[in-house]
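Visitor: For reference, the structure I am asking about is given below.
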Amino acid sequence: MGQEERVGWGNALPWAIMAVAVLTACVGAVFAGLVPTSSAPLLVGVLLACSLPQLIGGIILFRRGETLIASLSGLFGTTITLGAALTLWQQLKGEGITPEVMGFFWITLFLIGIGIAIGLGKVSWFIMAGIAEVAVSFLFLGISALAGSQVAGVIGGWLILIFAAFCVYVSIALVWAEHFGRLVLPIGGPVFK
Numbered sequence: 030m031g032q033e034e035r036v037g038w039g040n041a042l043p044w045a046i047m048a049v050a051v052l053t054a055c056v057g058a059v060f061a062g063l064v065p066t067s068s069a070p071l072l073v074g075v076l077l078a079c080s081l082p083q084l085i086g087g088i089i090l091f092r093r094g095e096t097l098i099a100s101l102s103g104l105f106g107t108t109i110t111l112g113a114a115l116t117l118w119q120q121l122k123g124e125g126i127t128p129e130v131m132g133f134f135w136i137t138l139f140l141i142g143i144g145i146a147i148g149l150g151k152v153s154w155f156i157m158a159g160i161a162e163v164a165v166s167f168l169f170l171g172i173s174a175l176a177g178s179q180v181a182g183v184i185g186g187w188l189i190l191i192f193a194a195f196c197v198y199v200s201i202a203l204v205w206a207e208h209f210g211r212l213v214l215p216i217g218g219p220v221f222k
């Protein structure tokens with residue numbers, strides 16, 4: 030494989046994280062109760078649009094051999110983002126759908142998120158903490174869906190909003206690092222070696 034082929038694939042991670050920032054800001058605002066649920070139908074379009082950078086970015090990251098990050102990007106792009114868009118679309122049809130199955134959806138994502146967060150501890154404590162934080166938001170959303178707890182849903186929404194801010198910071202840190210050829214914004218050192 031020639032040098033040109035190896036350099037041909039750029040780092041798609043910042044792009045994917047920017048899409049996650051946009052979608053989590055919107056979804057977090059709904060779950061936290063900051064916007065009326067009547068605006069929720071607009072989320073379907075946001076979620077579908079934001080899934081593309083994550084899916085394409087995940088494929089590029091797999092191509093680059095970055096399995097852990099590619100898996101996270103693919104998980105957000107398909108299961109979380111497209112899954113949320115499709116389930117929201119179904120709920121908007123008003124066919125008497127109850128949310129209990131989503132409890133298992135969110136709690137499973139919590140477990141996967143914690144597993145991925147631990148792996149990211151080899152990269153950065155800050156990134157590990159951010160992924161663990163959003164995983165905890167999934168736990169609260171799972172509790173909300175299973176127990177019907179509005180408070181748990183609101184807590185989950187606020188945690189998702191915090192994660193959106195985390196994603197903005199990390200994506201800009203990564204873009205600037207690529208652009209300037211060095212880390213400009215700190216993202217923390219590894220926890221594990």
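Sequential numbering of the sequence shown, starting at 30, is according to this note's numbering. Ideal Cβ positions, reconstructed from N, Cα and C, are used throughout, including at glycine.
1. Could you give the DSSP three-state label for L203: helix, strand or coil?
2. Of all the options L52, A194, P128 and V165, which has the alpha carbon lying nearest to the alpha carbon of G144?
3. Our contact map puts L72 next to V56 with C-beta atoms below 8 Å; I'd like the distance itself, whole angstroms only.
4. By the 10 Å Cβ neighbour count, where 16 or more other Cβ atoms means buried, how is A45 classified, buried or exposed?
5. Would E167 and G142 be called neighbours here (beta carbons separated by less than 8 Å)?
6. Output needed for V152: all residues of its chain with C-beta closer than 7 Å, excluding positions within five of it in sequence on either side, in chain order.
7. For the alpha helix (DSSP H) that contains I46, what are its first and last residues?
Guide: In short:
1. Within the sequence shown, numbered from 1, the residue matching residue 203 stands at position 174. Reduced to three states, the DSSP call for L203 is helix.
2. Residue numbering aside, residue 144 sits at position 115 when the sequence shown is read from its first letter. Nearest to G144 by C-alpha distance, out of L52, A194, P128 and V165, is V165.
3. Against the sequence shown, residue 72 aligns to sequence position 43. Against the sequence shown, residue 56 aligns to sequence position 27. Yes, they are in contact, since the Cβ atoms of L72 and V56 sit about 6 Å apart, within 8 Å.
4. Taking the first residue of the sequence shown as position 1, residue 45 is located at position 16. The residue in question, A45, is buried, as its Cβ has 16 or more Cβ neighbours within 10 Å.
5. The residue labelled residue 167 in the question sits at position 138 within the sequence shown. The residue labelled residue 142 in the question sits at position 113 within the sequence shown. According to the sequence displayed, residue 167 carries Phe and not Glu. Yes, Cβ-Cβ distance for F167 and G142 is below 8 Å.
6. Translated into the one-based positions of the sequence shown, residue 152 becomes position 123. Excluding sequence neighbours, V152 sits near P219.
7. What you label residue 46 is simply residue 17 of the sequence shown in a count that begins at 1. Looking at the DSSP string, the run of the alpha helix (DSSP H) that includes I46 is L42 to F60.
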